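Before any comments, here is the structure.
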Amino acid sequence: QRHFVSGSWDDTVILWDVDSETTVATFSGHEDEVAAVAVTSDQRHVVSGSFDCTVKIWDLETKKCTATLRGHSEEVTAVADVG
């Protein structure tokens with residue numbers, strides 16, 4: 074199975090099954106638009122950055138938010154896994 078993630082101005086992150094063109098999971102929790110998404114190098118988590126000034130870490134197995142990182146005073150527009 075091939076999966077992709079997308080972030081949207083509807084405040085969500087979606088995990089997609091590309092082959093069937095269906096939604097595997099919708100991650101909700103941001104309070105504003107999602108501007109950035111990345112998958113960690115171990116492929117166990119999705120990281121999302123939002124106009125709500127937070128970064129959220131989502132567990133791909135449980136489909137739940139495991140952490141909300143606060144510290145930015147402006148929108149988060151990029152995220153990356155640096156190991």
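Going by our numbering, the letters in the sequence shown line up with residues 74 to 156, in that order. For every residue, glycine included, the Cβ atom is placed at its ideal position computed from N, Cα and C. As the structure is a prediction and not an experimental result, all values here were calculated from the model.
Q: Counting only runs of 3+ residues fully inside the segment 98-124, write out the beta strand (DSSP E) ranges in chain order.
A: Segments of the beta strand (DSSP E) lying fully in the segment 98-124: 107-112 and 118-123.
Q) For PHE124, which residues of its own chain have a beta-carbon under 7 Å away from its beta-carbon, when the five flanking residues on both sides are left out? A) Along the sequence shown, one-based indexing puts residue 124 at 51. Taken in chain order, the residues that qualify are ASP105, GLU106, ALA108 and GLU148.
Q. What does a CB cutoff of less than 8 Å around VAL110 pick up in its chain, not counting 5 residues either side in sequence?
A. Residue mapping note: residue 110 aligns to position 37 of the sequence shown, counting from 1. Within the same chain, VAL110 has close Cβ partners VAL78, SER79, GLY80, VAL86, VAL119, VAL120, SER121, GLY122 and VAL152.
Q. LYS137 bridges to which residues according to DSSP?
A. Position 64 of the sequence shown holds residue 137. Partner(s): ASP132.
Q. In this structure, does DSSP put THR85 in helix, strand or coil?
A. In the sequence shown, the residue the question calls residue 85 occupies position 12. Three-state DSSP puts THR85 in a strand.
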